[in-house]
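Worksheet: one structure, shown below.
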Amino acid sequence: MKRIVFTGGGTAGHVTPNIALFPRLKEKGYDIHYIGSYDGIEKRLIEDFRIPYYGISTGKLRRYFDVKNFSDPFRVIKGFMEAKKILKTLKPDIVFSKGGFVSVPVVRAAASRKIPCIIHESDMTPGLANNLCIPVATKVCCNFPETLQNLPSDKAILTGSPIREELLHGSQERGLEKCKFNTGKPIIMVIGGSLGASGVNQLVREALPQLLEDFQIVHICGKEKIDNMLLTKKGYMQFEYVKEDLKDLFAMADIVISRAGANAICELLALRKPSLLIPLPASASRGDQILNAKSFESQGFAMVADEDYLTAATLVEKVQELFFTRQSYIEAMQNSNQRNSIDTIVNLIENTIKK
1491 MKRIVFTGGG TAGHVTPNIA LFPRLKEKGY DIHYIGSYDG IEKRLIEDFR IPYYGISTGK
1551 LRRYFDVKNF SDPFRVIKGF MEAKKILKTL KPDIVFSKGG FVSVPVVRAA ASRKIPCIIH
1611 ESDMTPGLAN NLCIPVATKV CCNFPETLQN LPSDKAILTG SPIREELLHG SQERGLEKCK
1671 FNTGKPIIMV IGGSLGASGV NQLVREALPQ LLEDFQIVHI CGKEKIDNML LTKKGYMQFE
1731 YVKEDLKDLF AMADIVISRA GANAICELLA LRKPSLLIPL PASASRGDQI LNAKSFESQG
1791 FAMVADEDYL TAATLVEKVQ ELFFTRQSYI EAMQNSNQRN SIDTIVNLIE NTIKK
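Those letters in the sequence shown? Residues 1491 to 1845, per our numbering, in order.
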């Protein structure tokens, strides 16, 4: 039996692509294990799959001053030693990393034990954690054609991001029933990532009076971000987080308003959902979502809006434009060659083990 160790965590975006690979690898007889942080979101997400989970110490590596910069390197070193011990016991054939700071000690430990490691970079430009892993990785998967120029040519492979197979099998009828919607008006889905998006939430709620004239809206707004004043608003349904029913909400949505996290937009691509992307502003990030969104815009997959210059009125205008031109975006996504990620990555894993 072939054995594979997965790692990645910190946010759901560093875990869900790993999860998407589990069913196919199980079909092929792989023994799957997972290394994450002691109590990060990855631990909660992996518990549902009955996969052996191992927690290690981890620290965040920052480019800016923080008092924790003095203590976190010691946590990373401790995590490296813990990961090395776990890998010595498991003796996996390969390690697959989706990134996040927990992945650094795992990938480095794998390299020290001569275990081949494939890593996946979701964003246009590699983050700090993956930059520390790329030198010792066997192969580096990526989502965007533009990313290839930022990676070693002998390691880089354009794969797209694996998405959960279940998302492709949603039911419009179940989605309508869950939200108490009807087929009389088109439906907008608003989603801001696993932690929600306060800026997007505020804009959408300010625009509700105009938007609800023509649309019904399902809003996944993030933990503790539900607006109690709008709980009884007809045609508007809020959820903090959706898990099992997400596929059904996607199935009923005509268009989507979303942040531009790499995994989120790759799901929109796979599902062929026309979207208005509102990337996290550069003032609140390293600018990766802005680059992600621009790539999708240039490929004709999505419309993009700058949150810093967006108002409720201009949001309504862009949503209406997106809805009436949605077919052109659907056709562009249908012609994309970045939609068979699971097959591409599983074949890469198999070939790496053979070598």
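Here a beta-carbon is modelled for each residue, glycine too, at the ideal position from N, C-alpha and C. The structure displayed is predicted, hence computed values, not measured ones.
Between G1589 and N1633, the C-beta gap is not smaller than 7 Å, which leaves the two residues out of contact. Counting only residues of its own chain and dropping the five nearest sequence neighbours on each side, P1635 has a CB closer than 7 Å to the CB of L1648. DSSP lists V1680 and Q1728 as the bridge partner or partners of H1709.
Around the beta carbon of K1737, 16 or more other beta carbons lie within 10 angstroms, which makes this residue buried. Taking a C-beta distance under 7 Å as the contact criterion, L1535 and V1566 do not qualify as a contact pair. When the five nearest sequence neighbours on each side are left out, the beta carbons in the same chain lying within less than 7 Å of the beta carbon of A1822 are those of Q1789, G1790 and F1791, in order along the chain. Per DSSP, reduced to three states, the secondary structure at I1747 is strand. Under a 10 Å Cβ-count criterion, Q1706 is classified as buried, with 16 or more other Cβ atoms of the shown protein chains found around its own Cβ. Taking the C-beta atoms as reference points, P1595 is found nearer than 7 Å to G1569.
Out of K1518, L1739, A1697 and A1687, the CA that lies nearest to the CA of E1714 is found in A1687. Sequence-distant Cβ neighbours of H1610 in its own chain, meaning closer than 6 Å and more than five residues away, are K1588 and C1631. Selection N1782, F1786, D1704 and L1838 evaluated against F1814 yields D1704 as nearest (Cα-Cα). With a beta-carbon spacing of about 19 Å, G1689 and E1787 fall beyond the 8 Å limit used to define contacts. Per DSSP, the unbroken beta strand (DSSP E) holding L1767 starts and ends at S1765 to L1767. Apart from sequence neighbours up to five positions away, the residues of its chain that approach R1493 with a beta-carbon distance below 6 Å are D1521, P1582 and D1583, ordered along the chain. The beta carbons of R1816 and I1716 sit no closer together than 7 Å. DSSP, reduced to helix, strand and coil, places S1651 outside both helices and strands of the structure shown, so it counts as coil. P1542 and H1523 have their C-alpha atoms spaced approximately 5 Å apart.
As DSSP reads the structure, F1570 sits in no beta bridge. In this structure, the alpha-carbon of G1712 lies about 44 Å from that of K1845. With distances taken between CA atoms, P1642 lies nearest to A1627 out of A1627, A1803, Y1544 and E1840. The stretch 1793-1819 is shown to contain no whole beta strand (DSSP E) run of 3 or more residues. Counting along the chain, no beta strand (DSSP E) covers G1665; the unbroken alpha helix (DSSP H) around it starts and ends at Q1662 to C1669.
Within a 10 Å sphere around the beta-carbon of M1727 sit 16 or more other beta-carbons, which makes this residue buried.
A direct Cα-Cα distance of roughly 37 Å separates I1624 from A1741. Cβ-Cβ separation between G1530 and V1592: approximately 7 Å, consistent with a contact (criterion under 8 Å). Take the alpha-carbon of R1514 and the one of G1545: they are about 25 Å apart. Per DSSP, the beta-bridge partners of K1629 are I1608. The alpha carbon of V1585 has as its nearest neighbour, out of K1629, G1650 and N1691, the alpha carbon of K1629. The beta carbon of L1781 sits closer than 6 Å to the beta carbons of M1614 from its chain, once the five residues preceding and following it are set aside; these are given in chain order.
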